[in-house]
Amino acid sequence: MKKLHVAALTSLMAMAATSAFASNEMYVLGGVAIDNNDIGGEFTLGSQIMQSNWYIESSLLLINANDKYAYGNNPTITVEEDLDSLLVSVTPMYKHNVSNNFAIYGKLGAYHIKSEVKSKYGDGTSTKGSTVNFGATYGIGVEYKSLTPIFGQSQFLARVGYDWYEFSSSNDWHNRDSTFGIQAGFTF
């Protein structure tokens, strides 16, 4: 968990440093991420790089998944699983403005995920486990930005996108592989 905190803090400091060198646009977004019928929270902080179409952003994704299944014939074993995942990603992103309000974007970067799973069996026994993983992430999406400020110089920003996560090992079956996200926030 300490590595996760260090990664998040490092990405925030990097974004603040790039913003200090030029009058770059920064933004904060919050919303939902949907993955295999599970809904979680997604929060993003981003910064423009040197007044260009390039940005760097860091996202935090929290997903809780509950599953209940049975296996075996004699006797049938029931299992209830509760999975909590915390994912932090850092991605450079390119935005192409389609109009004054709309842009399409693509991003490619790295992520760190920590997942904890609790399993409860029908006979009353339970197990706990956790896994940590690193990998690559990439995504595409559409973004809307208002032309007029909503307060001060801040403009409304909304985004719909799809992100994929590539794993560093194939045996972590419970880590997420893609999410559909809807977020809204503002620039500053």
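The sequence shown begins at 1 in UniProt numbering and counts up by one. Even for Gly, the Cβ is constructed at its ideal location relative to N, Cα and C.
DSSP lists D35 as the beta-bridge partner residues of D38.
Going by DSSP, M93 is part of the beta strand (DSSP E) stretching over I77 to N97. Assignment of beta-bridge partners to E25 by DSSP yields no partner.
Judged by pairs of C-beta atoms under 8 Å, the segment 113-133 touches the segment 79-87, as three or more such pairs exist. By the criterion of at least three beta-carbon pairs nearer than 8 Å, the segment 152-165 is in contact with the segment 127-144.
With fewer than 16 other beta carbons inside 10 angstroms of its own, S52 counts as exposed.
If you keep only unbroken beta strand (DSSP E) runs of at least 3 residues inside the segment 119-152, you get 126-145.
Below 8 Å, too few C-beta pairs join the segment 42-58 and the segment 66-81 to call them touching: fewer than three. In this structure, the beta-carbon distance from G46 to G181 does not fall below 9 Å.
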